[in-house]
Structures are given as structure tokens and as C-alpha cells.
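Note sheet for the following structure.
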Amino acid sequence: MYVAATITQKPEGATLYQAHRTTEAMEARELTGSQILCEALMREGVELMYGYPGGAIMPFYDALTSYPALHHVLVRHEQAAAHAADGYARATGKVGVCVATSGPGATNLVTGLATAYMDSTPVVAITGQVARPFIGRDAFQETDILGVTQPITKHNFLVQRVEDLVDIVHEAFRLARGGRPGPVVIDIPKDVQFSKTQYRASASISSIEYFRTSRALHPSAEAIDKAAELIGGAQRPLIMSGHGVILANAYAELRAFAEKTNIPVITTLLGLSAFPETHPLAIGMPGMHGPAHVNRAIGVSDLIIGVGLRFDDRVTGKVSEFAPHARFIHIDIDPSEMHKVKRAAAPIVADAKEALACLIEAVEPGNHCAWMNEVRNWEAENDERSASIQRNQEYPDPTSILEAIRAETNDEAIIVTDVGQHQMWTARHYTWTRPNSHITSGGLGTMGFALPAAMGVKMGVPDATVWVVAGDGGIQMNIQELATLKQEGITVKVAIMNNGYLGMVRQWQHFFHNGNYSETPITGPDYVKLAEAYGLTGMQVTKREEVETAVRKAMETEGTVIIDFVIESEANVYPMVAPGAAITNMIEEKPEESTNHD
Amino acid sequence: MTDQTQQGGAVGVGQTTPRPLIERSGQSDAPPGAARSHTIVVLANDRHGALDRIINVLRRRRAKLQAFAIGRNELPDVVRITIVMDDSEVGVEQLVEQLRKIVDVQHVANLSSEQMVARELALIKVNSAESQQAGEIIELGHLFGAHVVDVTPQTVTLEVTGSKEKVEKLVNRLQSYGIRELARTGCVAMTRGIVES
């Protein structure tokens, strides 16, 4: 199982112990800041980092060649380094590391750090800074990266003395993975990287200890009792599980809890794959592009049990009309999430795994078959409605592409999506069964995320088959990383859903801007030639019946393969809730709108 | 309940009416007009960037700041910040938790609900060019327990401490003479007696 859970499953102590032995021998040595940084990274169990050298980080790169155990991947743009570190972190649960120089190198990381911040993934970014005497004097390639990254990091450090470096590095890792994970920046002036000091392995390597204790943050008995009481009295309860379930490796607990209480389970976009969709209690994704029966269920529910989610506006729609009849049990590790959107009758500040384990003990077995049948009937209505619509059979369609990928990978792939229509189609139409098999930029919605993130995913979980699903807009945003894939010999398979539009924006223009397609038609390169130019394999698929063969061929072909699926140009994602509308007020596909080329 | 179901049942038919995109519908249940004044005390490590992060949280929440006072407290390397601001009840609870998340923040207390002592200091420079005015100003100041800290032929400068209301009262009384310059520190506050945290 390739899960965020490796944290708890893999005894990190082992890595630590080995690292400790290597460093002990060096205890007495005088080292430069750069060497100390490498030592500290080793001690934190870092094996892999993504980065790009430049003036202010050169001493670190100089030291790096003496530490072959620290594998460095040279990306083609620093943004990709941050996304790759993020992807690695999401797939493994370990801290992802990225490196950049000062100024433009550091600012290029910003989008990636903001992405990690919004989705709570542990990333440590190491940036070079101009030498101390130059700071604040507008030196060449100087940017106040602490100021720039402050609102999008859990914390950031400027290393002012080489003597502080080792503690700061360990503190940064502790912060990145502790509690609600997030990105942390360490900004190191060039002269600090050169400076020497006596290296001592940090006496109190508190990171692991802190991590364990904060993970085990225990829910209050009072809150658990209250929650159990609410669950016992609910007629139409729903479980909504989010990213917190994946971050806490609480898959088994979620399942046991749902089964004991017999409560239907909704999974948010970032919670997808936390609960198998083949399970009889799984009902789907909520919110803006959730299927109608899920949003209808929320509309009449009398109890929402939120596990590791933050009730994002894409989930709730108009807040006052979100679950208007429900009381809320809210489990989250971050106290500032409590009552932020909806007042919780039972706020449970705890790690999702712990909280669910306590709840399983506290609740009585339940039976909600009648309620479940009600929801299933609505679902059947949707399906019937959907089946009645005449569809274009000519083009490859998202569902056939996703089904082919699932079939050809024996349902064992990790799917990394970009942002837009394809992301919603994938979320909705892929059947998520394996824990942590869905990786996407949910909170920030970062186009250009998928390809570089997939590099991190594949390197973090080398045995997995990794598929990128992207649109023709997003894939062009970080397409330069094909060169990195080639240089590193990383194999990912890329499915481009190419409709010649920035499709989701076009869809909004269609619904909310009177079909004024302002700046959304987009062309792209010949992806077959492009793949070849990068030394990779490319294919184009224009017909529905070729989809399966192409996916199979991609699986059989060694190395990275790009398939350009030319899909229907103006298909929309249905259903859709207009921004600011109640989620029960959905825009559904109309029969006359199929095969639309208006 | 029935309404809701019916709404759900009507899904899809002719519901593509455009909605104003700028309306984000307010991601909070706080009723309008629920805002009231709060006094929050933050203890933070005196480290690079700690203050910036606190300010950033307030800025991002668009908090209506009335006062923000920074000074040392009894511990070394710790700064004590007193924030007076308007916010709704729900908002303030979240603000307190957001401030607690800042790594360098050691302690956050919302004193609004406690028995507290809140005081500020003001320096008030008043015109006194005409005869008798200086005497009147000084006398008025004494009524408010103010000290005279500077006298020139043209001006008298008073130093007054007290509650916000007291300071404002004195300022108002002095308006008729013409206030040349006014500097107020903003509130510093603490709870009365011993409060179990």
C-alpha cells in the first residue's frame, strides 16, 4: 500500500538511527554551512530533492556532490521543483524537499508552495539568499523571500548565523510534518553556506517525537460523547471525509466507523480514494460538480460528520443553504477550522485516525438502510436521466479514457490530475478504490501541477504506475518537465484531454457570460512530434474505438508516453452548481445540449 | 424539509440563469451586525518575522483595527501585543486560533469576556498663545489627572493615562483651544486578579 501512511508504517527511527551513525563519526569536525545542511538533510531521512542551481545557492550545490545519498533532480523550472516535492510528499507522506537560488529562483517556487499550503502537504523549500552584508540593499537577485512567502507557508526562517543552521533545519522538518502539515522555507545567505562551525548533530532531535505526539493529539472525551449522542439520534446522517483521512492514514478507521454506524460516505475532491467507491456505503463527491444525489442528500441530512476537511466553498456552495437541517460533527487537527464555516455541535480537534478510533468505541451499531435506499433511488434517477441523453460516439470521451486506464493498469494506477474540466471528469468518472491513488491540486487549483507532481509521485512510489491526466491548457504550463523526465529516466504516462479550449473557463463563459468565449480557444503543439523531440513517445487518438488500444500500447511502451486524446470540443462538466448558489440548485445536462457544437 | 426535497426534485430544468459571479455568498454564518469590539493579548517570541505574521493574519481577515500596542513583558525575548479590534463573535474565535497557529506566538487571550484593566497614554499638545489659556489648560488637565510635560509660550503639552473614554473626554474638552498634535499609544490591557487559563 503506497500511502501517506508510510509515516507510521515505516519506522522512521531506522532511518534516524543510520543517519545518526554516519553523523556521529563527524561530530568533532568543523564543517561549512552547506555541509551542515547536507548532514541535517541526511539525518532527516531525505533521499530526494528537486531543484535548480544559481548564484546564491552554489555553495550548497558544491557540497552536494560529496553526499551521493542525497539524490538531486534537476528540473527545468523551479515551480516544477515545488510541485514535484509536493507530489512526492502526497504520495509518500514524507517531507518533500525543493531547492532554488535567491531572487527569481525563489519566487518561481511561490506557486508550488501556495499549492502545498492550501492542500496541507509537508514541503521544505531551501532557498539561497544574497550574502548577509547585501541583504536589504537591492543586491543582484535579491528578493525578500521571507516576506513573499509569509502568507503561504506554515513558517519560514532566515538563517542569520551558521551556528543556528542545524537546529533550524530540524525545526523546519518538524513544522512541515507536524500537526496540520504544510510548507516551510529556509532562506540561507550565501556567506552562511560558506561559513564554518563545529558541527554537532542536534542534541534534541525533537522532530520525530513532536510529530508523534502531535499526531496522537487526543480528542476530548466530552466531544466524543457528544458526537456519539448525535450519531445515535440521527435519522439521515452522512460522513464527509476529506484530505485529513489520507494525511492521517485513517482508511481502516474510516471504513470501520462507517460500517459500524452504517452511515453513507461522501468523499471530497481531496478525500477521493480515502474510501473505496466500490463499497456499498460510498455515495460520491459533494459540491460544485458532485452528482445530484449527493448534494440532495446533504440538503436533507440531519447530521454531517466531517472528517479531516474544511468545508471549502466548492463543497458548500451558499453556506446558509448548505445542509440547512443538519447538525455538524467536525473532526480536524487544526483548531482554527472549527466553526469557520459551519458551527459544529461537536468540534473534535484531533488527528482523524485517533478521533475515528475513539468514535468507533463510543458509538452503537446503527442501521440506515432506509436512508441509504432513498439516496440510491435519487442516484438511479440521475443514471436514468443521463442514459436517456444521446451522446456523440465519435470522439474519445473522458469516461472511456478513464475506464481504459483503470482496466489496463488493473486498477493499480496513481492518477495525477491537473486543473479544469478533465480534473472534474476524472474525479467523477474514475472509480477510486485504492488508498491515496488520486493526487490533485484541490485548494489552489494550480494549472501546470500534474506533470511535475507526477515526477515526485513516481519517484516516491517507484513501483506504481503513474498516469497524468491533464487538459491541453494545463499541460502546456509545465511541459518543459518532459526534459526532466527524460534525463532522469522517470516513466509516467500522460493522457491529454485535448478540446482546444481552456475548457472550464469556456464552460463558465457558456453559462455565466453569455457564451462570450473570450481568450479561451487555445492551440497546442503536435504532441507526437513534441514527445519525439524530447526523446519520448507520443500518440494521437481521435476516435472512440482507438482509446483502449492506445492506452494498452502506452502501457507496453517503455518510458514516458504522451497520448493526445482529441475530445469533443465543447462538452461541459455536469452537473454544475453556479458559484454562490445552493448546492441543491444544480445545472443538469439537457438532452438538446448533447453533441453540442453551437 | 419538504421545500428542500422539492428543490432537489426540480434539478436541472431551466436553471441555467446567470448569477452574479462576484457574489461569493459569504463563507460565514455570522449574522450581519454581530461585530463588536474585542481586546486580544498576544505574547510572541521576539524573533524575525513574528510581528509580520501577526499583522498578516489581521490584514488578510480585513480586521478593523482600533489599536495595536507592542511592548515588552516580564519575560526576556517576549513581546506583548495588545490588539483592539472589531469582529463578529465567530470571527474572533477563529482569529484567536489562527494567531495560535503562528509558530512564534506563545499565548493568545481574548480579554473581552474577562474582567480587565485597559489603559492608554496620550500626549496632547494644545495651543496656549492667549493669556490665561495656559492656566486653564493645566487646570483642566489636573481634573483628569494629567501631567504637564512641556510648556512653551505657544503651547502646553499634557500627558494623560486612563481608559479610552477618559482620554477621549479630555481630548474633547481641549478641542476648543486647538489641538496642535495628538499621540495616543492605544490600549494595553490585562485581566484583574488571577485568571486560570
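Protein chains in written order, with my numbering: chain A, 1 to 598; chain B, 599 to 795.
Virtual Cβ for every residue (Gly too), placed ideally from N, Cα, C.
Option nearest residue i by Cα separation, candidates the options
i, options, result
"A/A274", "A/H289, A/N262, A/I333, A/A258", "A/A258"
"A/E344", "B/V746, B/E691, B/S635", "The residue asked about is misnamed: residue 344 of chain A is Ala in this sequence, not Glu. Checking every option, the nearest Cα to that of A/A344 belongs to B/E691."
"A/A413", "A/N367, A/K493, A/P53", "A/K493"
"A/L356", "A/G178, A/A221, A/P53", "A/A221"
"A/M338", "B/D650, B/Q696, B/H636", "B/Q696"
"B/N725", "B/D685, B/V769, B/L693, B/G760", "B/V769"
"A/W508", "A/G420, A/T542, A/R90", "A/G420"
"A/I298", "A/R310, A/G317, A/G308", "A/G317"
"A/R180", "A/G308, A/G535, A/C98", "A/G308"
"A/G580", "A/D313, A/H170, A/G284, A/V561", "A/D313"
"A/P53", "A/M118, A/M555, A/T127, A/P68", "A/T127"
"A/I331", "A/S241, A/T268, A/V547", "A/S241"
"A/G45", "A/F173, A/P347, A/T560", "A/F173"
"A/T409", "A/Y430, A/Q390, A/V577", "A/Y430"
"A/V130", "A/F60, A/V315, A/C38, A/I188", "A/I188"
"A/T465", "A/F157, A/A407, A/E253", "A/A407"
Per-residue DSSP class, three states only, for residue i
i, result
"B/D650", "helix"
"A/P462", "coil"
"B/C785", "coil"
"A/N392", "coil"
"A/H71", "strand"
"A/T584", "coil"
"A/L485", "helix"
"A/A346", "strand"
"A/A131", "coil"
"A/R544", "helix"
"A/Q198", "strand"
"A/V505", "helix"
"A/E379", "helix"
"A/G317", "strand"
"A/S214", "Any reading at A/S214 needs caution, since the residue's pLDDT is 49, under 50, leaving its predicted position unreliable; the model's value is listed next. Reduced to three states, the DSSP call for A/S214 is helix."
Residue i classed as buried or exposed, judged by whether at least 16 other C-beta atoms fall within 10 angstroms
i, result
"B/E763", "exposed"
"A/K616", "Missing from the structure shown is residue 616 of chain A; chain A here goes from 1 to 598 and no further."
"B/I638", "buried"
"A/N514", "exposed"
"A/T278", "exposed"
"A/A234", "buried"
"B/E621", "Only weak support exists for where B/E621 lies, its pLDDT of 31 falling under 50; the coordinates are left without a value."
"A/L74", "exposed"
"A/L41", "buried"
"A/K543", "exposed"
"A/E589", "buried"
"A/R177", "buried"
"B/H636", "buried"
Any chain B beta carbon closer than 8 Å to residue i
i, result
"A/Q340", "Here residue 340 of chain A turns out to be Lys, not Gln, going by the sequence shown. For A/K340, the answer is yes, since a Cβ of chain B falls inside 8 Å of its Cβ."
"A/N156", "yes"
"A/Q150", "yes"
"A/P286", "no"
"A/L175", "yes"
"A/L109", "no"
"A/P53", "no"
"A/S102", "no"
"A/P181", "no"
Residue-chain proximity (residue i, chain A), Cβ-Cβ < 8 Å
i, result
"B/N654", "yes"
"B/V706", "no"
"B/H636", "no"
"B/E695", "yes"
"B/D650", "yes"
"B/Q692", "yes"
"B/R660", "no"
"B/H646", "yes"
"B/V796", "In this structure chain B extends from 599 to 795, so residue 796 of chain B is not present and cannot be described."
"B/K764", "no"
"B/V701", "yes"
Going residue by residue through the stretch 721-751 of chain B, where are the continuous alpha helix (DSSP H) segments of at least 4 residues, counting only ones entirely within it?
731-741
Only counting runs of 3 or more residues, tell me where the beta strand (DSSP E) segments fall wholly within the stretch 56-109 of chain A, in order along the chain.
71-74, 96-100
Which complete alpha helix (DSSP H) runs does the stretch 413-466 of chain A hold, if anything under 4 residues is left out?
421-429, 450-460
At what residue ranges does the stretch 555-580 of chain A contain a whole run of the beta strand (DSSP E), taking only runs of 3 or more?
561-566
Complete runs of the alpha helix (DSSP H) confined to the stretch 170-195 of chain A [at least 4 residues]:
190-194
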